[in-house]
Amino acid sequence: MGYSEAGRPQWSTTTVGKRNIVLAAILLSLFCIFFTFRNQSPPSGTASPSGLSTSKFSLGGKKDNLGDVYNDTLGFQKVYAINLPERTDKKDNMRLQARATNFSIEIVDGVIGSKVSYKAIPYTFKQNNGTIGCWRAHLNVLQKMIEENIQSALILEDDADWDIGLKAQMAELARGSRWLLETAPEGTSNNHIPHSPYGDGWDMLWVGHCHSEPVKGDNRRWVIPHDPTVAPEGSRWYFKGPKMDKWEKGPDADPQTRVVYQQGFGWCLSGYAVSLRAAQRILWYASMMPFNWPIDSGMGNLCSQREFHDFQCIAPFPRFVGKSTPAGSNALGSDINTKPKEEKIQEKSESENVMFSVRQNMRRILDGATTFKSYFKNPAGDDLTLEQISAARGHPEYVDEEVKKETKE
1 MGYSEAGRPQ
11 WSTTTVGKRN
21 IVLAAILLSL
31 FCIFFTFRNQ
41 SPPSGTASPS
51 GLSTSKFSLG
61 GKKDNLGDVY
71 NDTLGFQKVY
81 AINLPERTDK
91 KDNMRLQARA
101 TNFSIEIVDG
111 VIGSKVSYKA
121 IPYTFKQNNG
131 TIGCWRAHLN
141 VLQKMIEENI
151 QSALILEDDA
161 DWDIGLKAQM
171 AELARGSRWL
181 LETAPEGTSN
191 NHIPHSPYGD
201 GWDMLWVGHC
211 HSEPVKGDNR
221 RWVIPHDPTV
231 APEGSRWYFK
241 GPKMDKWEKG
251 PDADPQTRVV
261 YQQGFGWCLS
271 GYAVSLRAAQ
281 RILWYASMMP
291 FNWPIDSGMG
301 NLCSQREFHD
311 FQCIAPFPRF
321 VGKSTPAGSN
331 ALGSDINTKP
341 KEEKIQEKSE
351 SENVMFSVRQ
361 NMRRILDGAT
371 TFKSYFKNPA
381 GDDLTLEQIS
391 AARGHPEYVD
401 EEVKKETKE
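According to UniProt numbering, the sequence shown is numbered sequentially starting from 1.
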């Protein structure tokens, strides 16, 4: 039978037309929903240790990424820990400490210096085997970043110890770093959302130094007063730091002030973060050029902008990341130094430069305690909750010429 337009049921045109309209409306709705979510940043993770939702940070009415410092990698793409495979005791400790403070680490093998081929060492590098192994281990992490295109990473040594409130500390570092990187010379801010929660343009965030010199001529400080995670001066161990008299001396003295600033030369690598750009620059400088420094001093040279005028380093003082030594022989601490001339036994593990040490509070953490004990005598109280530990907030200040002068402590 032939097809006849006249014989087509009358309802067909109307129904098909309605169906097309409904289908178009559904597709349009789905299209709008897709682009709405596509243009939003993904959730930054779960609530922070202090109970602050990480999805509610804003800057000028726009969604911000500052809350990413509370995620599983502290706002970086990766967190690495350097560990000699035979030091399973240190690996145990690092795994426990990281999980206790709700972040993940990737272990990278340390290096025994005597096993590094002399052909792979710069011809100018006249260091002992411990220093050679440390140098190569840190460069291997940077090489790994370059190979895998890792945009940013926090790197820890396996004797590192940090505060239970580390994530809140990192949030203040991020606020301070942003201000330092974004503030124009005349004191105005760009007020934009950076790609990294720590700001745009940084090369190194040196959170685990033992010697830190502010960049000369830069009088900007991000000041965090009344911070219960700051060890008072008599309980700190370091070689050199910024002058703190403005805050720690006088009638309104606050012995628990922390500052964040642009760093020049430094020592010690208990913990530091690097960008991919910095990883490339450090690898070139410390491996492909004439080089004869311990790796931390080499990085200090770069932060002093002796090679690259725009190598940007940011540091807190006092530092966030200290170190711990296990109970037993004093030979168990460092894998760089050889066996000490006089071996001594310490009955308990020890930590330095960290108030609410994760290492020293591990039993409380495993017991599910809600208060934590300060390792050193604490003006803010020796037993505090995580909310109290994480409560400090910072603000910008400009210091005068007298305070700008560096002093050897």
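The beta carbon of each residue, even a glycine, is placed where N, CA and C say it ideally should be. Every value quoted in this text rests on a predicted model; they were computed, and no experiment measured them.
What residue from the options has the CA that sits closest to residue i's CA?
{"i": "G201", "options": "R236, T385, C210 and H309", "result": "H309"}
{"i": "A81", "options": "I224, A137 and D72", "result": "A137"}
{"i": "G130", "options": "G368, A380 and I295", "result": "I295"}
{"i": "H226", "options": "Q169, Q360, I193 and D159", "result": "Q169"}
{"i": "K115", "options": "V108, N102, K126 and I132", "result": "I132"}
{"i": "V399", "options": "T371, V260 and S275", "result": "V260"}
{"i": "R319", "options": "T385, F239, G208 and S275", "result": "G208"}
{"i": "S196", "options": "P214, E157, H211 and S177", "result": "S177"}
{"i": "L276", "options": "N93, L66, Y118 and L154", "result": "L154"}
{"i": "S390", "options": "L166, K119 and E106", "result": "L166"}
{"i": "E172", "options": "G368, V223 and D89", "result": "V223"}
{"i": "K323", "options": "N93, A160, E233 and L84", "result": "A160"}
{"i": "C210", "options": "A369, E233, F239 and R95", "result": "F239"}
{"i": "F265", "options": "Y272, G300, D163 and T370", "result": "G300"}
{"i": "R220", "options": "N128, A315, D163 and G298", "result": "A315"}
{"i": "G241", "options": "P214, D89, Q143 and M145", "result": "P214"}
{"i": "A120", "options": "F291, A380, K90 and L366", "result": "F291"}
{"i": "Q127", "options": "E342, T325, F356 and G298", "result": "G298"}
{"i": "K144", "options": "V274, T385 and Q388", "result": "V274"}
{"i": "N140", "options": "S117, A279 and T371", "result": "A279"}
{"i": "I107", "options": "A231, D382, D158 and H192", "result": "D158"}
{"i": "residue 482", "options": "I164, R258, L156 and F76", "result": "Coverage of the chain is limited to positions 1 through 409, which leaves residue 482 absent and any answer about it impossible."}
{"i": "E232", "options": "P379, W179 and D163", "result": "As written in the sequence, residue 232 is Pro, which differs from the Glu given in the question. Comparing Cα positions, the closest option is P379."}
In this structure, what does DSSP give as the bridge partners for residue i?
{"i": "F372", "result": "L384"}
{"i": "G322", "result": "D161"}
{"i": "K240", "result": "H211"}
{"i": "F317", "result": "V259"}
{"i": "S351", "result": "S324"}
{"i": "Q360", "result": "Q360 pairs with nothing; no bridge assigned."}
Would you mind sorting residue i into buried or exposed? The rule is 16 or more other CB atoms within 10 Å of its CB.
{"i": "S104", "result": "exposed"}
{"i": "I345", "result": "exposed"}
{"i": "R363", "result": "exposed"}
{"i": "K78", "result": "buried"}
{"i": "R393", "result": "exposed"}
{"i": "S58", "result": "Because the pLDDT of S58 is 41, which lies under 50, any placement of that residue in the model is unreliable, and the question is left without a value."}
{"i": "P228", "result": "buried"}
{"i": "A327", "result": "exposed"}
{"i": "A98", "result": "buried"}
{"i": "G217", "result": "exposed"}
{"i": "M289", "result": "exposed"}
{"i": "L269", "result": "buried"}
{"i": "A174", "result": "buried"}
{"i": "D68", "result": "buried"}
{"i": "P85", "result": "exposed"}
{"i": "S41", "result": "Residue placement at S41 cannot be trusted, given a pLDDT of 36 that sits under 50; the coordinates are not used to answer."}
{"i": "N65", "result": "buried"}
{"i": "W206", "result": "buried"}
{"i": "K90", "result": "buried"}
{"i": "T124", "result": "exposed"}
{"i": "A369", "result": "exposed"}
{"i": "S212", "result": "buried"}
{"i": "W237", "result": "exposed"}
{"i": "G271", "result": "buried"}
{"i": "P194", "result": "buried"}
{"i": "Y198", "result": "buried"}
{"i": "D383", "result": "exposed"}
{"i": "D163", "result": "buried"}
I'd like to know whether the C-beta of residue i is nearer than 8 Å to at least one C-beta of chain D.
{"i": "N128", "result": "No chain D appears in this structure, which consists of one protein chain only."}
Run the proximity test for residue i: is its beta-carbon closer than 7 Å to any non-hydrogen atom belonging to the ligand PLP?
{"i": "K240", "result": "The model depicted lacks the ligand PLP and carries no ligand whatsoever."}
Query - Sufficient close CB pairs (3 or more, under 8 Å) joining the segment 244 to 252 to the segment 339 to 354 - result: no
Query raised in the report: Does the segment 310 to 318 come close enough to the segment 148 to 156 that 3 or more CB-CB pairs lie under 8 Å?
Result: no
Query raised in the report: Enumerated in chain order, which unbroken segments of the alpha helix (DSSP H) with a length of 4 residues or greater are wholly contained in the segment 261 to 314?
Result: 276 to 283 and 295 to 303
Query - Touching by the beta-carbon criterion (3+ pairs, under 8 Å), the segment 167 to 183 and the segment 298 to 307 - result: no
**Report entry** Three CB pairs or more closer than 8 Å across the segment 248 to 259 and the segment 269 to 286
**Finding:** no
Query raised in the report: Residue ranges of each alpha helix (DSSP H) run of no fewer than 4 residues wholly in the UniProt domain "Glycosyl transferase family 25" (77 to 169), ordered along the chain?
Result: 88 to 100 and 129 to 148
Requested in this report: Please confirm if the segment 108 to 126 is in contact with the segment 373 to 384, defined as three or more CB-CB distances below 8 Å between the two stretches.
Outcome: no
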